[in-house]
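K.L.:
Residue numbers (my numbering), protein chains in the order written: chain A, 281 to 783; chain B, 281 to 783. Below you will find the structure I want to go over with you.
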């Protein structure tokens, strides 16, 4: 009890009414669930400096007592805080405030997109952003591509070299429509760890997550249909929607717990949307993760309205907290879900291997795959299967998770030190991108253009919507190991933003 | 002169009117062009046994004199005959009737599809045909996949192993949107040999020819548009059209010189079609090649009506004659053409590397590529570029051309010996598929099903159309080196057809 009482006395709060916890996160509405309110309360203490980095956090028991909740609810709250990088568990010592949480940047506001569907037209800016990704002379804060050095895919490449020598002839044919059987087996084996029960026949190997999303959308929508998505959204999704003649219904999205359930419920009730496409965890660009309890509520809503969900879990393996967040498909196995992911963010962007799992839509998904690219390359799939079954992947994941978490912490700290004071920054508990909301009057696109002239590549915020929004935002990728070059580039960006603010 | 006069006296012809040359090829209309009439005349002499395999063919000069044409027209006629495998040039000795031409099978009839556009709906049979392709227990006469042993891609695999070791880290990132620059350079370098002037920036690497065709169609059509295609057509094209909501206008197609120009002109005049998709050479399944002169006429027609052409040249490198047929793009560089091809038929079906060249549509093609799969895998492209620049590809092509030509000859001979007498068979001058038109009353699909029960995979004719046609046809693939197993399978097929004929 002692810690909690201490902080409450510091904060001048005696009997905290649960519905009006102190709120330092801009326009974020009060949390709906008890465990979220508790988490919000603790993270507010950290934000306000009452709980300092490295200090011991209140014990689970004291929290349960003080809030009159069960111990399991307290555990759920702390797991959320852990996922968000606010606290960290130390073996046999309890919970401590993360050292990474030194800066006091506010979170971006909950987005408020237009409450109507929109045809998607994509500017050519997105493709040039991709072109910049292969330009070594630029500081790589633009595209969300992990550094090849960091991925240390040398081991995977050795498996490929071996597969080429040993299996080359045998694999030099069209692979089965589903993709390499061993690779599908490995994917299913891993998925069981987070409670996703899949059979290899329910998995289809694709050319990255992009093809997975495109096939998934083709399987459950028709031209002209409306798809509910997060706002801001991954910019690469917009060309996919445009190419399929689909409309986007952007939903308000909280930078911490994801899409607004109320807004989703409203469009579902209205019968506007044919499908819903959401990120499972550490979404790009906001970094938000839909907590399990909210996933359950969303799934139930979709069930009720008979609308399928496409979930994009590409960042799921890059969790900074102890546990991997469960995807929607694991939380609600009975819901009509197509699960999409890839190995591009964790080990092999150059291999272009993604997959989808669509227990209810395999026939159609296979037909579309056949129509768009017949089948995928065989040897790279075989090499990846060998790599996964060799057991090297988990150690690799542990290493890159730590590096990405450190990158994010460095980046946030450097932003806090160099950007205009009112800059708001996302606080993802996984992945490797940050979303910045710049103070009024700073144009993110102009900032990105000015940065590009100085050899720094960043993604302008307005690329992340089908509408005319987020001009005051930019996204920074932290996929490269932090070094002086990145440090200088972020500080230079901050200076450019300061100039823009006073101009 | 002596040979020609001899044959004419044998045939009882004194002054052959050019418009009524003897015609043993079923419903084939009289050829339009002089060189084609000459070629038809000579091949009729072979068909009728006047010119026997191994015998010397009339000299070019004697042909030119007798028909009162220029020597270059005679050369054009003989090149066509060479391409069709009717005659072969022997260094310093002149032209001889091919030894392969022993059997006297009639050619399939010119197709007569319904003269109207049709929505494409594909049966799931096509995907199961692909599934059978990876089933080693079946005799592989079904899918048009060259045998991995034959391709001897061991050398390419060694390049891949080396690329994985040497370039792995550097290439483990998203490749430029166009694809590997070295590979595009090599593709352009090769294309100049047959007069196709391309810049690397006009080339886009794709996931096989399927993705190339799908992107090409997306670039020049909209949902609901009508596309003029050959009939019968490559069955893999049908799911592509269906997936893009495109309608097919199937055109009558001659098993030797391709699509009917008259029919094409009619649909163009009528303004029905938005694009035309044709095979350049050795089309699948008919094996027909559009002669250069006809390519020019078709291109001029399309120019006049402002309709773009998508050409599929995937079999172009597998020519049995001395020269590689020129694609439309080389014959008529000013025409609005998207050129599609791949390495799947010649060296690496397992690598899934194709490309398109679209000088006028690159921006749109890149946007579509970005939307369907972002970009392709990097290392396999780099390995293929290294393989091509190493110079090994040409020797490899020479070897497989010879093998495929022998396969085709064996297969035709075995068909002649074992199928019902009235069976008509295509006589391709390249590629490795044969199209069989079975005598009235034999159902190709039932034959294919009966064969499958006996472990023999063949493609039923009705898979090659969007309409209800070609039930009396089957396609046999000759992508595997001829051996006893293939011989027995083809004879068994013949017996099954005989049974069906008498049933």
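Every residue gets a Cβ at the ideal spot worked out from N, C-alpha and C, and that includes glycine.
How many Å lie between residue 388 of chain A and residue 748 of chain B at the Cα?
P.N.:
Rounded to the nearest angstrom, the two C-alpha atoms are 59 Å apart.
K.L.:
Taking Cβ-Cβ distances shorter than 7 Å, what residues in chain B pair up with residue 441 of chain A?
P.N.:
By Cβ distance, chain B contributes 441, 444, 445.
K.L.:
Helix, strand or coil for residue 651 of chain A per DSSP?
P.N.:
Correct three-state label for residue 651 of chain A: helix.
K.L.:
What residues from chain A crowd round residue 613 of chain B, counting only those whose CB sits closer than 8 Å?
P.N.:
Residues of chain A passing the Cβ test: none, with the nearest at roughly 27 Å.
K.L.:
Compare the C-beta of residue 758 of chain A with all C-beta atoms of chain B and state if any pair is closer than 8 Å.
P.N.:
No, residue 758 of chain A lies away from the interface with chain B (no Cβ there is under 8 Å from its Cβ).
K.L.:
In chain order, what are the residue ranges of uninterrupted alpha helix (DSSP H) at least 4 long that sit wholly in the stretch 683-747 of chain B?
P.N.:
DSSP runs (the alpha helix (DSSP H)) wholly in the stretch 683-747 of chain B: 724-733.
K.L.:
Per DSSP, residue 511 of chain A is paired with what?
P.N.:
A:532.
K.L.:
Since residue 406 of chain B is in the alpha helix (DSSP H), which residue starts that stretch and which ends it?
P.N.:
Where residue 406 of chain B is concerned, the enclosing alpha helix (DSSP H) stretches over 405-413.
K.L.:
Is there a C-beta anywhere in chain B that falls below 8 Å from the one on residue 527 of chain A?
P.N.:
No - not a single Cβ of chain B is within 8 Å of the one on residue 527 of chain A.
K.L.:
Within a Cβ cutoff of 6 Å, which residues of the same chain sit near residue 497 of chain B, ignoring the five residues on either side of it in sequence?
P.N.:
The residues are 524.
K.L.:
Chain A partners of residue 754 of chain B, CB-CB under 8 Å?
P.N.:
In chain order: nothing, as chain A lies at least about 20 Å away.
K.L.:
Answer with yes or no whether the minimum CB distance from residue 675 of chain A to chain B is below 8 Å.
P.N.:
It does not; no Cβ of chain B falls within 8 Å.
K.L.:
Evaluate contact between the stretch 562-582 of chain B and the stretch 477-492 of chain B, counting only Cβ atoms and requiring at least three cross-stretch pairs below 8 Å.
P.N.:
They do not touch, by the three-pair rule.
K.L.:
Whose C-beta lies closer than 6 Å to the C-beta of residue 654 of chain B among residues of the same chain, with five residues either side of it excluded?
P.N.:
So the list is empty, once near-sequence residues are dropped.
K.L.:
Between which two residues does the beta strand (DSSP E) carrying residue 378 of chain B extend?
P.N.:
Residue 378 of chain B -> no beta strand (DSSP E), and no H or E assigned at all.
K.L.:
Mind reading off the beta-carbon distance from residue 619 of chain A to residue 711 of chain A? Whole number of angstroms is fine, and I expect it under 8 Å.
P.N.:
About 17 Å; that fails the 8 Å criterion.
K.L.:
Just to confirm before moving on: does the CB-CB distance between residue 560 of chain B and residue 605 of chain B stay below 8 Å?
P.N.:
In this structure, residue 605 of chain B lies closer than 8 Å to residue 560 of chain B by Cβ.
K.L.:
Within the continuous beta strand (DSSP E) that includes residue 619 of chain A, where are the two ends?
P.N.:
Its beta strand (DSSP E) spans residues 617-622.
K.L.:
Chain A partners of residue 743 of chain B, CB-CB under 7 Å?
P.N.:
Near residue 743 of chain B there are no residues of chain A at all, since even the closest Cβ is about 13 Å away, more than 7 Å.
K.L.:
Going by C-alpha to C-alpha distance, which of B:398, B:449, B:417, B:392 sits closest to residue 732 of chain B?
P.N.:
The shortest Cα separation from residue 732 of chain B among B:398, B:449, B:417, B:392 belongs to B:417.
K.L.:
Kindly list the residues whose CB is nearer than 7 Å to the CB of residue 719 of chain A, restricted to its own chain and excluding five residues on each side of it in sequence; keep chain order.
P.N.:
Counting only Cβ-Cβ distances below 7 Å, and skipping sequence neighbours, we find 700, 702, 703, 781.
K.L.:
Opposite residue 753 of chain B in the DSSP bridges: which residues?
P.N.:
B:717, per the DSSP bridge assignment.
K.L.:
Applying the 10 Å Cβ sphere with the 16-neighbour rule, what's the burial state of residue 351 of chain B?
P.N.:
The residue in question, residue 351 of chain B, is exposed, as its Cβ has fewer than 16 Cβ neighbours within 10 Å.
K.L.:
Taking CB distances under 8 Å as the criterion, tell me whether residue 638 of chain A reaches chain B.
P.N.:
False, the Cβ-Cβ gap to chain B never drops below 8 Å.
K.L.:
Does the stretch 530-545 of chain A come within contact of the stretch 412-426 of chain A, defined as at least 3 CB pairs closer than 8 Å?
P.N.:
No: fewer than three Cβ pairs fall under 8 Å.
K.L.:
So what does residue 599 of chain A bridge to, in DSSP terms?
P.N.:
Per DSSP, A:710.
K.L.:
If you follow the beta strand (DSSP E) that residue 491 of chain A is part of, which residue opens it and which one closes it?
P.N.:
Run containing residue 491 of chain A: none in the beta strand (DSSP E); it sits in the alpha helix (DSSP H), 488-500.
K.L.:
Excluding the 5 residues preceding and the 5 following residue 412 of chain B in the sequence, name in chain order all residues of the same chain whose CB lies nearer than 8 Å to its CB.
P.N.:
The residues are 418, 422, 423, 732, 737.
K.L.:
Could you give the distance in angstroms between the alpha-carbon of residue 557 of chain A and the alpha-carbon of residue 511 of chain A?
P.N.:
When rounded, the distance between both Cα atoms is 11 Å.
K.L.:
Are the stretch 366-381 of chain A and the stretch 336-354 of chain A touching, with three or more C-beta to C-beta distances below 8 Å?
P.N.:
Contact between the stretch 366-381 of chain A and the stretch 336-354 of chain A is present, because at least three Cβ pairs lie under 8 Å.
K.L.:
Quick one: what's got a C-beta closer than 7 Å to residue 665 of chain A's C-beta in the same chain, skipping five residues either side?
P.N.:
Cβ neighbours of residue 665 of chain A beyond the five flanking positions: 460, 462, 463, 466.
K.L.:
I'd like to know whether the C-beta of residue 437 of chain B is nearer than 8 Å to at least one C-beta of chain A.
P.N.:
Yes, residue 437 of chain B counts as interfacial toward chain A.
K.L.:
In terms of alpha-carbon separation, which member of A:551, A:675, A:590 lies closest to residue 597 of chain A?
P.N.:
When only C-alpha atoms are compared, the closest one is A:675.
K.L.:
Count the other C-beta atoms from every protein chain shown that fall within 10 angstroms of the C-beta of residue 476 of chain A, then say buried if there are 16 or more, exposed otherwise.
P.N.:
When all chains shown are included, residue 476 of chain A counts as buried.
K.L.:
Measure the alpha-carbon distance for residue 359 of chain A versus residue 602 of chain A and round it to whole angstroms.
P.N.:
Distance between the alpha carbons of residue 359 of chain A and residue 602 of chain A is about 8 Å.
K.L.:
Going along chain A in order, which residues have a C-beta closer than 9 Å to the C-beta of residue 448 of chain B?
P.N.:
The contacting residues are 428, 433, 434, 436, 437, 438, 440, 441, 630.
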